[in-house]
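Since the structure comes first, as C-alpha cells, the remarks are kept for the end.
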Ligand SMILES: NC(=O)C1=CN([C@@H]2O[C@H](COP(=O)(O)OP(=O)(O)OC[C@H]3O[C@@H](n4cnc5c(N)ncnc54)[C@H](O)[C@@H]3O)[C@@H](O)[C@H]2O)C=CC1
Ligand SMILES: NC(=O)C1=CN([C@@H]2O[C@H](COP(=O)(O)OP(=O)(O)OC[C@H]3O[C@@H](n4cnc5c(N)ncnc54)[C@H](O)[C@@H]3O)[C@@H](O)[C@H]2O)C=CC1
Ligand SMILES: NC(=O)C1=CN([C@@H]2O[C@H](COP(=O)(O)OP(=O)(O)OC[C@H]3O[C@@H](n4cnc5c(N)ncnc54)[C@H](O)[C@@H]3O)[C@@H](O)[C@H]2O)C=CC1
Ligand SMILES: NC(=O)C1=CN([C@@H]2O[C@H](COP(=O)(O)OP(=O)(O)OC[C@H]3O[C@@H](n4cnc5c(N)ncnc54)[C@H](O)[C@@H]3O)[C@@H](O)[C@H]2O)C=CC1
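Chains as they are written, first to last, in full-length UniProt numbering: chain A, 1 to 430; chain B, 1 to 430; chain C, 1 to 430; chain D, 1 to 430.
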C-alpha cells in the first residue's frame with residue numbers, strides 16, 4: 001500500500017482524447033454518491049441481512065498485486081459486471097486502473113491521487129460495495145482504504161488460490177455471489193414489474209437512482225438476502241510523548257485509524273526487550289517486558305495473536321484481545337476484554353534504545369514513534385448511538401443466503417478445520 | 001453440598017417449645033415472599049446499579065464448613081444484621097442453622113429439607129439477598145442453591161482469609177458493605193422522613209413491605225448505589241444416550257442446571273484417553289481425544305480453564321470458552337465463542353471403558369453418565385425477552401459504590417495482579 | 001494387562017497328552033537360557049549396532065488383544081519364523097498361546113503363571129528377543145513384562161494399522177526385518193562356511209548354542225547390523241506414608257519398577273485439585289496445586305507429557321521431564337532435568353479427600369496409594385558401572401541398517417511429521 | 001560491545017612516561033601465558049572440581065557499563081586482589097582500563113585494540129580466570145570475548161543488584177569467593193610448607209610459575225575445591241547464499257562463533273512473516289512460517305527461548321533447543337534435541353522482503369545476512385577427543401564448595417524460584 005505508484009492523470013486523459021473513449025480512466029468525483037444499505041437482524045446466530053434501498057451503483061474492485069492470473073480474473077469479473085449490470089460503475093485503485101483499463105471496453109474510475117494519501121474520503125464517499133480478489137492481505141489492504149471511515153461498504157471477498165482465512169468465496173462462484181449481493185433486499189413486487197427502464201435510463205451520465213424494477217427476472221425472493229458478518233474493528237490512536245497524534249497518513253485525515261486485525265508495538269530490529277506499560281480502563285494493569293504487545297480484534301485472533309499464543313475468538317464476540325509477544329515472564333497469559341474497554345500501551349522511558357516498531361494490520365508506521373509514545377485503543381461502536389443503526393465494523397458478505405433451505409456453511413468453523421488445521425488428528429494419512 | 005446433614009424438624013420444634021423461643025429454627029415457608037430488585041445501567045464499564053423497590057427483608061447467609069473462625073464471624077455478622085436492621089430475617093442452611101442458632105438471641109429460618117434436594121425453589125422464593133462467608137468454593141456452593149433458578153438474588157461475598165478470586169469484600173468491611181447493599185436505591189426524600197415506624201411496625205410477624213422512610217439517618221444519597229457485576233452462567237443439560245435428562249438432583253427440579261464456572265467431561269479415574277465429539281451451533285466441530293473438555297463461562301475462565309491453558313476472559317465479555325484438558329493433539333487451541341452459541345459434547349461410542357466424570361462447578365454428577373451421553377450447553381440469556389429487564393446471571397455486589405468520588409477499585413484487574421500473580425515480574429524480592 | 005486370563009496349566013497338559021504333540025503349549029522353563037547381545041557404538045547419531053554372540057533362540061511375540069486381523073498376522077509371522085529359522089523357539093503370553101496354539105503345527109512356550117504376576121523373572125530369563133504386533137499400547141505392555149528387569153532384550157515392533165509413534169516397522173516388512181535382526185553381528189567368515197549343521201544339529205531338544213555358520217547363504221555382510229535406539233526408562237518406586245514400597249505387583253518382585261513412558265500422580269475421579277510437593281536432588285523445588293504431575297522419560301515426551309504442554313524431547317537426550325497437569329498457576333512451565341536427577345513427588349497432607357490415581361505407563365496402581373505417599377523416580381543407568389557395557393533401557397530395533405548406502409530414514413523425525421502432524425502447515429489441502 | 005570506545009594507545013603510554021608509573025595501562029602481550037586448569041568429576045550431580053596446577057596469575061575483570069556504583073565495586077575488588085594476591089595481574093577491557101586506571105595504585109593490562117576486533121586471541125592466550133561484575137548481559141559479553149576460543153577460562157560472576165539468572169555470587173562475598181577459586185586444587189602438603197618465597201620471588205616482572213607453597217596459611221584443605229558447572233555453548237556458523245562465512249567479526253578470526261545462550265533468525269523490522277527451512281541431522285524437518293526461530297543451549301533455555309514458550313532445560317542436559325518465535329501454526333511445539341545434532345536454518349527464497357535479523361546472544365550480525373542465508377549450529381564438544389579432558393563450555397564457578405558439610409545451595413533451583421518466580425503460588429501476599 002505504501003508503495004502505490006503515484007497516479008499520473010495526464011497520460012490517461014491523453015488516452016481518452018486519442019481514440020478509445022471507452023477505455024478511459026475517469027475520476028471518481030464524477031460518480032454518484034454512495035448508497036448506504038441497511039442491515040436487519042436474523043435469527044441466524046448473529047448474522048445480519050443486507051438490504052439495499054436501491055441497487056448499488058459503484059463497486060470498488062481491489063486485487064493482489066504482481067499476480068498475472070489474478071489480474072486476468074479481475075478483467076473477467078469486471079467484464080461480467082459491466083455486461084450484466086450495465087448501470088454499475090467500476091472503481092479501481094490507480095495502479096490497477098492503469099494496468100487493466102486498456103483491456104476493458106468501458107471506462108473505469110479511480111482516485112486522482114493515491115487512495116492512501118489525500119483522497120480516501122473520496123473513495124469512501126463513492127463506494128457502495130467493495131469486492132476483493134486475493135488473500136487476507138488483499139482484504140486487509142481494502143479495509144485500510146477505509147481506515148478513517150466510520151461506515152465501511154459491504155465487502156465481497158474472493159480467495160484466489162492463496163490461503164485466506166478471511167476470504168469467503170471461491171472465484172468460480174463470482175456470478176452467483178455478485179448477483180446475490182446486488183439483489184439483496186430487492187422486493188419481489190418491484191422485480192416482477194416489467195417496465196423496460198434499463199434501455200432508456202442512461203440519460204448520461206448516470207441515473208440518479210436505479211430501481212430493482214428495472215432488472216427483469218433477477219428477483220431472488222424476499223428472503224434470499226446476502227448474509228453479513230459484522231467484523232468489529234479497533235479504533236487506534238498513536239500519540240507522541242508530547243501528545244501529538246502520529247497515525248495520520250495524510251494531512252487531510254484526522255482522528256483514529258480503524259484496524260481490522262490488530263495494532264502491535266514491537267522491538268522491531270533492536271535485539272533487546274521492550275518495556276511497555278499497559279493500562280486498562282485508565283488504570284495501570286501491568287508492565288510488559290517482551291518482544292512486544294498485540295491488541296487485537298476477534299477477527300485478528302486468528303492472525304498474529306494466534307501465533308503469539310492467544311485464544312481463537314469468534315468474530316461475533318464483542319471483545320479485545322491483549323496478547324504479549326514473547327514476554328519475559330512465566331505468567332503473562334493472554335487476556336480477552338470487553339470491546340468497549342479503553343486500552344493504552346505506553347513505551348516506557350526505561351527502554352534502552354530508541355527504536356520500536358508500531359504496525360497496524362501489518363503496515364508499519366514509519367516515523368515519529370519512540371520512547372514515551374502511547375498507543376490508545378478502543379473497540380469501535382457497532383451501532384449509531386441515536387438511531388441504533390449498524391454503522392461500524394467491516395460488513396463481510398458470508399457464503400450462503402439467509403433463509404435458504406440448503407445446508408448453510410459456517411465459514412468460521414470450516415476455516416478452523418480446513419485452513420488452520422484446528423485439532424488436526426494424529427495418525428498417518430489414509 | 002451433597003453431604004448436607006438431613007434436616008430434622010422435630011428437635012428444633014422441641015427447642016422452640018421448651019424455653020428459648022428466640023433461638024428457635026423456623027421454616028422459610030413462614031417468610032414473606034422475595035423482593036425483586038431492579039438494575040440500572042451506569043456508565044461505569046458495564047457495571048449496573050442495584051435498586052431495591054423497598055428494603056430487602058430475607059437474607060440467606062452461607063459459610064464455609066468446618067472452620068470455627070468463620071462460624072464465629074457468621075454469628076457476629078448475624079447479630080449485627082439483626083440489631084441494626086431488625087426487620088431483616090436470616091436464612092441459614094440446615095447444618096449451619098443447627099450449628100449456630102443456640103448462639104443467637106433471635107430465630108433463624110431454614111429449609112425443612114436439605115436445600116439441594118426438594119426445596120431449592122423455596123429458598124429462591126424467599127431470598128432477597130445472599131451473603132457468603134468463605135472462599136470461591138462457598139460462592140460456588142451458594143450459587144448452586146440457585147442452580148435451577150432463573151433470577152438469582154444479589155450476592156454479597158466476604159473472603160475469609162482463604163484465597164478467593166470471586167470474593168469481593170474483606171470481612172472487616174461487613175458493616176459498611178451490608179449498609180450499602182441494604183440502602184441501595186433508597187431515595188433521599190423517603191430517607192429524610194422522620195416517621196418512627198421501626199418500633200411500631202412489626203405486629204403481624206413481618207411487615208408486608210418495610211419502607212426506607214422508616215430508617216432514620218440511613219440515607220446514602222441517591223447515587224450511592226451498590227454496583228453490580230452480572231456474572232453470566234451456563235445452562236447445562238446432561239442427557240443419557242436415550243435422551244433422558246440426567247442433571248436433575250431432585251424429583252422436583254426440572255430443566256437445565258445453571259453453572260457459574262463450568263461443566264467438564266473428563267476421564268476421571270480411568271487411565272485412558274476419552275474421545276469426545278464437539279458440536280457448535282448444531283454442527284460437528286471436532287473430535288477431541290483428551291483427558292477431557294471444559295465448557296466455561298467467562299467467570300470460570302480463571303478457574304479450571306485457566307489451568308488447562310485457556311485465556312483469561314473478563315466476566316463482562318458475553319462468551320463461552322471451549323477448553324480441552326490435555327488434548328492428544330498439537331493443534332487444539334482454546335476457543336472463545338459467542339454466549340448464545342449452543343455447544344454439545346458427546347461421549348463417543350469409540351471410548352473403551354465406560355467410566356467418565358461429569359462435574360458442574362466442581363460437583364460430580366454421580367450416576368447415569370456413560371458412553372453415548374451428551375452435555376448440552378448454552379450461555380444463559382441475561383435479559384428478559386419481553387421486558388428487557390436483567391434477569392439472568394449472578395448479580396455480584398462489587399466493592400465501591402456508583403458515583404463515589406473516591407478512586408474506585410477494579411476488582412477484576414486487582415485480582416489478576418494480587419491473586420493470580422498475573423505477569424509477575426522476574427527478579428529478586430526487595 | 002490387569003485382565004489377563006489366569007493361566008490354567010492342566011488343560012494344556014491334557015491337549016499335549018491327547019494327540020497333537022506339536023500343537024502343545026510348553027513351559028518356558030524348558031527353554032535354554034537367554035543369549036545376551038552386545039551393542040557397539042556407531043557414528044550414526046547415537047544409534048548402536050546389535051551384535052549377537054550366537055544366533056538368538058527364544059523370541060517372545062506379543063500382540064494387541066481382541067483384534068482378529070492381528071491374531072492372523074501373528075500366526076503367519078510365527079509360521080514364518082518356525083519354518084525359516086527352525087532352531088527358534090516361540091514364547092507367547094498365556095492368553096495368546098491359548099488362542100493360537102491350535103493353529104500352529106509346532107509347540108509354543110508360555111509362562112505357567114500370568115506373565116505379570118509371579119514369573120516375570122522367568123520370561124526375562126529366557127527371552128533373547130521381543131517382537132510386538134500392535135500399537136504403542138502393545139509395546140508398553142511388552143515393556144511392562146520387563147518392568148523389573150535391568151536388561152531388556154532387543155525389541156522388534158510392528159505397527160498394525162493402528163497409529164503408533166513407538167512402532168518402527170510395517171508388518172509387510174516382517175521377513176526382511178526379522179532376518180536383519182537375527183543375523184545382526186554374524187561375521188562373514190562363519191557365514192561363508194558351508195558345514196550343513198542345520199539338519200544334524202537338533203538331537204537333544206535344543207542345540208546348546210547354534211552357530212551362524214550353520215545358516216547357509218544368510219550372511220549379510222559384517223556391517224549390515226540392526227540399528228538400536230536405546231530408550232531410557234524411569235526407575236519408579238512408590239512408597240506409602242510409612243515408607244513401605246507399594247509398587248510390587250507380585251510377592252516375588254522387589255525393587256523399582258521400570259517405566260518406558262512416565263509415572264503420573266493425578267486427582268483421578270476426585271473433582272478437586274491435588275497438592276503435590278516436588279523435590280529435586282533431595283531438595284524442595286515447589287508445591288504443585290494441580291490435576292496432577294507427570295515424570296516422563298524422553299520417550300514419554302510424545303505421550304501424556306505432550307498433551308499437558310511438555311516439550312518434545314528426542315529419546316537420545318538423557319533427561320527426565322517434569323510436567324504438571326493443569327496446574328493452578330500461571331508460571332509452572334515444564335522442566336527438563338538431567339537423567340540422573342532423583343525426583344520425588346509427595347502427596348501432601350494438605351489434600352482434602354483421600355483419593356488419588358498413580359499410573360505407570362497407563363496402568364493404574366490400584367491399592368495402597370493415598371495422602372502422605374511418595375513417588376520416587378530416577379532415570380535408569382544405561383551402562384554397567386564396572387564393565388561399561390550397555391545394559392539399561394529398551395533396545396528398540398530401528399528401521400534401516402547400519403552402513404547401508406541407501407538413504408536412511410530417521411524414524412523420529414518422520415514420526416513427528418507423519419504422526420504428530422508437527423508444524424502442520426496452514427492452508428487448504430491440494 | 002559494538003559501542004566500545006576505540007582504544008588509543010598513545011595517551012596511556014604518555015601517562016606512563018609522565019609520572020604515575022604504577023597507574024599505567026600495559027599491553028597484555030607482556031603477561032605470562034595462560035595457565036590451564038583441570039576439572040575432576042565429583043559425585044555432586046554433574047558439577048566438577050577446579051584444579052589449578054599452579055596459582056592463576058592473570059584475571060580478566062569485566063563490568064557493566066555506565067553504572068558508577070559498579071565501577072566503584074570494580075576498584076574495590078581490584079585493590080583487594082592486588083593487595084592479597086600480589087602476584088596476580090589484572091586485565092581490563094580498554095574502556096574500563098581507561099575509566100579506572102587512575103584510581104588504582106598499580107598497573108592494569110589491556111588489549112591494544114578493542115577486545116572484540118583484532119585481538120580476542122590475545123585475551124584468550126593470557127586469561128587464566130574471568131570475573132564479571134554485572135548482570136547476565138555482562139556475562140554474555142564476557143563470554144563473547146571468547147566466542148572464538150575453544151577453551152574458556154573459569155568464570156567467577158557477581159550479580160550487582162541487577163537481576164541475573166546466570167550470576168552466582170553476591171558482591172559482598174567477593175573475598176571468600178576469590179580465595180576459593182584462587183586456592184582451588186592447592187594441595188595441603190604444599191600449603192603447609194613455610195618457605196617464605198613470596199618476598200623473594202618477584203625478580204620482576206613476573207615469576208614464571210608461582211607456587212601455592214608460597215602462600216602461607218591460605219590452604220583450604222584438599223577437598224575444598226571450587227565447584228564448576230560447565231555450560232555448553234553452541235557452535236554457530238552463518239553462511240551467505242554463496243557459502244561464504246558471514247560470522248567473522250574480524251579479519252583474523254575464523255571458524256564458528258560460540259554462543260552461550262542462542263542464535264536467532266527473526267523478521268526484525270519487517271512487519272511480515274519469515275519462511276525458514278529447518279534441517280536436522282542433514283534432513284529436512286519442517287518449514288517454519290514465523291517471526292523467527294531460536295536455536296538455544298540449555299543455558300539459554302531461561303532466556304529468549306523461555307519467552308517464546310520453550311521448556312526450562314537444566315544446563316547439564318546435553319541438548320539443543322529448537323524453539324519457534326510466533327509460528328503461524330497451531331502445531332509447532334518446541335523441540336529438545338541431542339547436543340550433537342547438527343541443525344541448519346535456511347532463509348527460504350520464498351521470503352518477500354530482504355530484511356532479516358540474525359543475533360547471537362543478543363548481538364546482531366549487522367551485515368551480509370539475507371535470503372538464501374544459512375545458520376548452521378552444533379552443540380560444542382565438551383571433551384577433547386584424544387585426551388578426554390574437559391575443554392569446551394563456559395566453566396562457571398558455582399556457589400558452595402565441593403565436599404563442604406554445610407548445606408549446599410543449588411543455584412539453578414534457587415534461581416527458578418527466586419528469579420523466575422517459577423510456579424509462583426496464587427493468593428494474596430502475607
Ligand atoms: N523476548 C525476549 O525474551 C528476548 C530475550 N532476549 C535475550 O536477551 C539476551 C541478551 O541479553 P541482553 O543483551 O542483556 O538483553 P536485554 O536487555 O534484552 O535483556 C535480556 C534479559 O534476559 C536475561 N537473560 C539473559 N540470559 C539469560 C539466561 N541464560 N537465563 C535467564 N535470563 C537471562 C537478562 O537478565 C535480561 O533480563 C539474548 O541472549 C536473549 O536470550 C533478547 C531479545 C528478546
Ligand atoms: N486443575 C484445576 O485447576 C481444577 C480446578 N477445579 C476448579 O475448582 C472449582 C471448584 O472449586 P472447589 O470446590 O473449591 O474446588 P478446589 O478445592 O479444587 O479448589 C478450586 C480452586 O479454584 C479457585 N476458584 C474457583 N472458582 C474460581 C474462579 N471462578 N476464578 C478463580 N479461581 C477460582 C478456588 O479459589 C480454589 O483455589 C471448579 O469449578 C473448577 O473450576 C477443579 C478441579 C481441577
Ligand atoms: N491425555 C493424555 O494424553 C493421556 C495420555 N495417556 C498416555 O497413554 C499411555 C498408555 O497408553 P494406552 O494404554 O495405549 O492408552 P490410551 O488408549 O489412552 O492411548 C494412549 C495414546 O498415546 C499413544 N502413545 C503411547 N505412548 C506414546 C509415546 N511414547 N509417544 C507417542 N504416543 C504414545 C498411543 O499410541 C495412544 O494413541 C500412557 O503411558 C500415557 O502416556 C494416558 C492418559 C491420558
Ligand atoms: N508471526 C506472525 O504470525 C505474524 C503475523 N502477521 C500478521 O500478518 C497480517 C498482515 O498480513 P500480510 O500483510 O498479508 O502479512 P504476511 O505476508 O506476513 O502474512 C500474514 C499471514 O496471516 C494471514 N492472516 C492475515 N489476517 C488473518 C486473519 N485475520 N485470520 C487468519 N489469518 C490471517 C494471511 O493469510 C497470511 O498467511 C498482520 O495483520 C498480522 O496479523 C504479521 C507479522 C508476523
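All residues carry an ideal CB built from backbone N, CA and C; glycine is no exception.
Interface flag for residue 421 of chain A against chain C is set, since a Cβ pair is found closer than 7 Å.
In the three-state DSSP reduction, residue 39 of chain C falls in the strand class (E or B).
By the Cβ rule, the segment 375-387 of chain A counts as touching the segment 225-243 of chain A, because three or more pairs are nearer than 8 Å. Checking the 6 Å criterion, the Cβ of residue 261 of chain B is within range of a heavy atom belonging to ligand 2.
Within the DSSP secondary-structure output, residue 258 of chain C pairs in a beta bridge with C:235. Membership of residue 84 of chain C in the alpha helix (DSSP H) is indicated by the continuous run 68-84. From the beta-carbon of residue 290 of chain A, the residues of chain D found nearer than 9 Å are 307. When secondary structure is reduced to three states using DSSP, residue 52 of chain B falls in the coil class, being assigned neither helix nor strand. Between the C-alpha atoms of residue 37 of chain D and residue 390 of chain D there is a straight-line separation of about 10 Å. Exclusion of residue 69 of chain B from the 6 Å shell around ligand 4 follows from its C-beta lying no nearer than that to any non-hydrogen atom of the ligand. Not a single CB atom of chain D sits nearer than 7 Å to the CB of residue 315 of chain C. Using a Cβ-Cβ cut-off of 7 Å, residue 271 of chain B counts as an interface residue toward chain C, since at least one Cβ of chain C sits closer than that to its own.
Take the alpha-carbon of residue 105 of chain C and the one of residue 144 of chain C: they are about 29 Å apart. Within chain D, the C-beta atoms nearer than 8 Å to that of residue 331 of chain A come from 421, 424, in chain order. Taking 6 Å as the cut-off, the C-beta of residue 272 of chain A counts as close to a heavy atom of ligand 1.
Counting only the Cα atoms, residue 84 of chain A lies some 22 Å from residue 93 of chain A. Ranking B:160, B:137, B:86, B:228 by CA distance to the CA of residue 152 of chain B puts B:228 first.
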